[in-house]
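In this note's numbering, the protein residues as written are 84 to 475.
The next block holds one structure in the form of structure tokens; read it before the comments.
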């Protein structure tokens with residue numbers, strides 16, 4: 084996977100319950116996974132998936148395990164995974180036990196059952212039977228009706244071409260080498276931070292929750308203390324880039340015009356093709372761009388400098404602070420994306436100069452404008468990323 088916060092939590096929980104864990108890191112090729120499993124005589128393999136390409140990679144691992152004649156259990160977990168996908172794609176690719184584990188708290192029970200001398204077979208059969216039922220239900224359910232792409236395009240969303248796009252105050256590419264981390268703290272959405280630790284509830288109510296409030300408050304205090312160190316000692320650096328380009332629509336594509344080089348870059352978008360009710364359009368992001376000339380933005384943010392601190396925690400066998408720092412770096416990255424988008428709205432593009440929004444309103448995306456990202460439903464094509472990164 085692309086980062087391993089959840090996987091690390093699973094590893095720590097299993098180690099605390101007597102299991103030996105071999106952690107291969109992130110973005111590991113299937114060949115290395117199978118090789119390590121054989122070298123270590125593993126009792127089971129666990130895969131974590133955060134983003135949609137991880138799902139396809141899990142299928143590949145299952146197929147290669149089958150091709151290699153392996154029989155050990157394959158555990159599937161992570162934010163993007165589901166019982167349905169496991170049943171339809173992964174379980175059918177591997178004859179050995181495949182088990183979707185809903186969250187880290189279930190890992191010990193699953194792993195313990197799989198090494199049991201008595202209950203293992205019945206336990207595995209319960210999963211196999213469940214997945215068979217899921218496949219039967221899906222087979223009888225049928226697929227959503229699709230319409231020809233020509234019909235979908237004819238039913239696209241129609242913008243008012245008389246509305247003139249707002250030209251940006253500061254077009255072009257803008258680089259930010261070191262955004263103030265202290266400012267970004269105020270933009271952190273803490274609710275996903277607690278979810279990463281398997282603590283359910285919304286911030287700040289979670290701090291006084293009758294069930295998890297004490298644990299959440301203790302974790303939050305540790306997080307704030309580490310934030311002070313991160314900022315005071317300069318552990319991390321927030322770097323980003325944002326750009327605003329002239330563009331126009333051409334069918335389902337957006338053509339970006341690079342004035343410095345006179346180049347034209349085509350960004351292809353996908354259109355909904357599911358049959359819609361009368362009056363409901365089949366949308367495509369390109370629908371919201373004018374044929375006659377418009378503007379479009381792009382951005383990328385990252386948090387740098389984490390590696391030496393993780394190495395220090397690893398050397399000291401400090402799993403807690405290792406996971407805590409990763410979780411905070413993740414929150415900083417999301418906060419930076421939110422803050423940079425705000426900077427675009429109020430300053431670089433400047434179409435909302437007087438914007439005054441509460442943190443809750445920002446989390447609910449009550450601002451003007453959107454920032455669709457490759458991999459999400461409105462823009463599901465991950466192959467757009469290299470195009471965007473080259474532009475930036």
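Every residue, glycine too, gets a C-beta built ideally from N, C-alpha and C.
Quantities reported herein were computed from a predicted structural model and do not represent experimental measurements.
- Contact between the segment 338 to 347 and the segment 408 to 416 is absent, with fewer than three C-beta pairs closer than 8 Å.
- In the displayed model, residue 329 falls within a strand according to three-state DSSP.
- With a beta-carbon spacing of about 6 Å, residue 153 and residue 179 fall inside the 8 Å limit used to define contacts.
- In the structure shown, the three-state DSSP call for residue 321 is strand.
- Using a C-beta cut-off of 8 Å, the segment 225 to 235 makes no contact with the segment 303 to 317, since fewer than three inter-stretch Cβ pairs fall below that distance.
- Taking a C-beta distance under 8 Å as the contact criterion, residue 182 and residue 323 do not qualify as a contact pair.
- Residue burial annotation: residue 89 is buried, with at least 16 other C-beta atoms found within 10 angstroms of its C-beta.
- Residue 191 and residue 121 do not touch by the CB rule: their CB atoms are close to 25 Å apart, not below 8 Å.
- Burial check for residue 355: the Cβ neighbour count within 10 Å reaches 16 or more, so the residue is buried.
- Note that the segment 290 to 299 does not touch the segment 220 to 227; fewer than 3 beta-carbon pairs, one per stretch, sit closer than 8 Å.
- With fewer than 16 other beta carbons inside 10 angstroms of its own, residue 205 counts as exposed.
- Rounded to whole angstroms, the gap between the alpha carbons of residue 268 and residue 257 is 22 Å.
- Following the DSSP letters along the chain, one finds residue 395 inside the alpha helix (DSSP H) bounded by residues 390 to 398.
- Distance from the Cα of residue 247 is smallest, within the candidate group 270, 212 and 377, for 377.
- Looking at the backbone, the Cα of residue 470 and that of residue 462 are separated by about 14 Å.
- 8 Å or more divides the Cβ of residue 215 from the Cβ of residue 176.
- Annotation note: the segment 359 to 424 contains the following uninterrupted alpha helix (DSSP H) runs of length 4 or greater, listed N- to C-terminal: 390 to 398.
- When 137, 211 and 427 are compared, the shortest CA-CA separation from residue 454 is found for 427.
- Boundaries of the alpha helix (DSSP H) harbouring residue 203: 203 to 224, taken from the DSSP string.
- Taken in chain order, the complete alpha helix (DSSP H) segments of 4 or more residues contained in the segment 421 to 465 are 442 to 446.
- Between the segment 308 to 318 and the segment 365 to 381 there are fewer than three C-beta pairs closer than 8 Å, too few to call the two in contact.
- With contacts defined by Cβ atoms closer than 8 Å, residue 464 and residue 368 do not form a contacting pair.
- Residue 457 has its alpha-carbon roughly 31 Å from the corresponding atom of residue 394.
- The residue from 185, 436 and 386 with its alpha-carbon nearest to that of residue 419 is 386.
- Listed as beta-bridge partners of residue 262 by DSSP are 321.
- Nearest Cα to residue 327 within the set 174, 432 and 164: 432.
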